[in-house]
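Below: one structure, written as structure tokens.
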Amino acid sequence: MALLFYPEAVGEERRIRDRVRSLAAQHLRPFALEDDALCRFRREAFEAFASEGLASVVTPKTYGGLGLPYACYYMAMSEIARASMSMAVTVGVNNLPQGALLAYANEDQKKKYIPPLCNGKAIGAFSLSEPGSGSDAASLRTKAEAKAGGYVLNGTKCWCSTAGHADLYLVMARTAEHKTGGISAFIVDKDTPGLRFGKQESKLGLAASPLGELIFEDCFIPTSQRIGGEGQGLGVALSQLDAGRIVIAAVGIGLAEETLNRLWANFSALTPEATDKNQFAEFYARLQALKSLLHVAADAKDRNTPTTTLAAQLKLLSSDLAMEVTTHAVSALGPRGVLVQNEMERLFRDAKALQIVEGTNQIQKLVLVREMDKAFKP
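Letter by letter, the sequence shown follows residues -3 to 374 in the working numbering.
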């Protein structure tokens, strides 16, 4: 029996939860360890979720999504993460270009690009990071030089999730020298001449979620594929940062819940020093609090109110909790806990990755300090 959390899922949330669990049992759980060992991305698994709208839960029905509240989306992400953190990241990243297109694209662009991202015929990716830019998104150097009818892109992007497997890439490139106002956003098809894919990274965790380079060499992109106005690219990118951080929080909550349930179900098999129920009680209480805060964030997203502070809080606290719970789990299993091809060992590595992706936890603390300075300034 699983641990009980409040509020219990009801209505659409419950329906989404149950459907994700059913699909995960069929398409994710039986393959999770092998996918991790082989660093294998299985497109057919993604398509199984996308075909039922689970890769576009909040996207309006007009464009092929389910049009449901954010609480349903975060429920789906938590449940996918319980079975496969790597697939959860892929589904979450696929939603970033959808969100950007909904906010900045014209109607023709929305009708062309969003439906295939919803139904699984295309996988979306988000490409902002570059070698040497660190956490300063505005320092990117990939150039988009204006030419007749469009732009010519040259430069290298890194840390792009699903690179080489995704079909549509939301790419930020520099169209002018102004640091923040000189960046524009483009939607780029994977088969565009001049785009090639560089090295695939080997990672500590999230091994079944590809991560790699995009290399642009005289890559021509028509003006019709610029998203938003020229110079609006940083706004396009930043509009999705909070969204991505809340998704990572939902994923971390799912990972922590999966780990805690596994430990509790096998309590008698744990090492004696790891059976302090007070520690389990603390984990349980913190996880319950985070689930409640996630519902607050979902409500804020539904009302289209700012979520920067909530996103930073959730991302920081959920990924730290996931790391603590999985660390406890590995120790609790004794020698078995550190064996490769062990579920707890995989969850432990994935948890560490969560503290890094979508802005390190140190960055989240800087965001919160900045917000505190604003709130408490005389």
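Note that the Cβ used here is the ideal one computed from N, Cα and C, for glycine as well.
Asked                                                                                                                                                                    : Found
What's the gap between the Cα of Pro26 and the Cα of Leu19?                                                                                                              : 11 Å
Compute the Euclidean distance between the alpha carbons of Ala181 and Arg222, then round it to the nearest angstrom.                                                    : 6 Å
Check whether the stretch 125 to 142 and the stretch 88 to 107 touch, using three or more Cβ-Cβ pairs below 8 Å as the test.                                             : no
Shortest alpha-carbon distance to Lys186 belongs to which of Asp163, Met83, Asn274?                                                                                      : Asp163
Using 10 angstroms around the beta-carbon of Glu209, count the other beta-carbons present and answer buried if the total reaches 16, otherwise exposed.                  : buried
Is Ala307 near Ile242, with beta carbons less than 8 Å apart?                                                                                                            : yes
Sort Ala77, Cys35, Tyr59, Asn338 by Cα distance to Ile249 and report the nearest one.                                                                                    : Ala77
Exposed or buried, what is Val321 when buried is set at 16 or more other beta-carbons lying within 10 Å of its beta-carbon?                                              : buried
What's the C-alpha gap between Gly355 and Leu191?                                                                                                                        : 26 Å
In its own chain, which residues sit with a C-beta less than 7 Å from the C-beta of Val334, not counting the 5 before and 5 after it?                                    : Val326, Glu341
Using alpha carbons as the reference points, say which of Pro302, Leu34, Pro189 lies closest to Gln337.                                                                  : Leu34
Three or more beta-carbon pairs under 8 Å between the stretch 216 to 232 and the stretch 167 to 183, yes or no?                                                          : yes
Bridge partners of Glu141, per DSSP?                                                                                                                                     : Val148
On the DSSP letters alone, give me the boundaries of the beta strand (DSSP E) that Gly231 sits inside.                                                                   : No beta strand (DSSP E) contains Gly231, which is instead part of the alpha helix (DSSP H) from 229 to 234.
Considering Gln337, what are the terminal residues of the alpha helix (DSSP H) in which it resides?                                                                      : Run containing Gln337: none; DSSP gives neither H nor E here.
I'd like to know if Phe212 contacts chain C, where contact means its C-beta is closer than 8 Å to some C-beta of that chain.                                             : Of the protein chains in this structure there is only one, and it is not chain C.
On the DSSP bridge assignment, give the partners of Lys311 in chain order.                                                                                               : Lys311 is not bridged to any residue.
Should Arg137 go down as buried or exposed, given a rule of 16 or more other Cβ atoms within 10 Å for buried?                                                            : exposed
Taking the alpha carbon of Glu4 as the point to measure from, which residue in Gln284, Glu339, Asp295 has its own alpha carbon closest?                                  : Gln284
Take every Cβ of the stretch 42 to 53, pair it with every Cβ of the stretch 83 to 91, and state whether three or more of those distances are shorter than 8 Å.           : yes
Go ahead and label Thr55 buried or exposed: buried means 16 or more other beta carbons lie within 10 angstroms of its beta carbon, across all protein chains shown.      : buried
Less than 8 Å between the beta carbons of Leu202 and Ala349, yes or no?                                                                                                  : yes
Please report the Cβ distance between Phe344 and His161, rounded to the nearest whole angstrom; I am assuming they are in contact, meaning their Cβ atoms lie under 8 Å. : The Cβ separation is near 25 Å, so there is no contact.
For the stretch 290 to 304 against the stretch 61 to 76, are there 3 or more C-beta pairs whose distance is under 8 Å?                                                   : yes
Which of the three DSSP states is assigned to Gly60 in this structure?                                                                                                   : coil
Which ranges does the beta strand (DSSP E) cover as unbroken runs of at least 3 residues, wholly within the stretch 8 to 94, from first to last along the chain?         : none
The alpha helix (DSSP H) that contains Gln105, what's its start and end?                                                                                                 : 103 to 115
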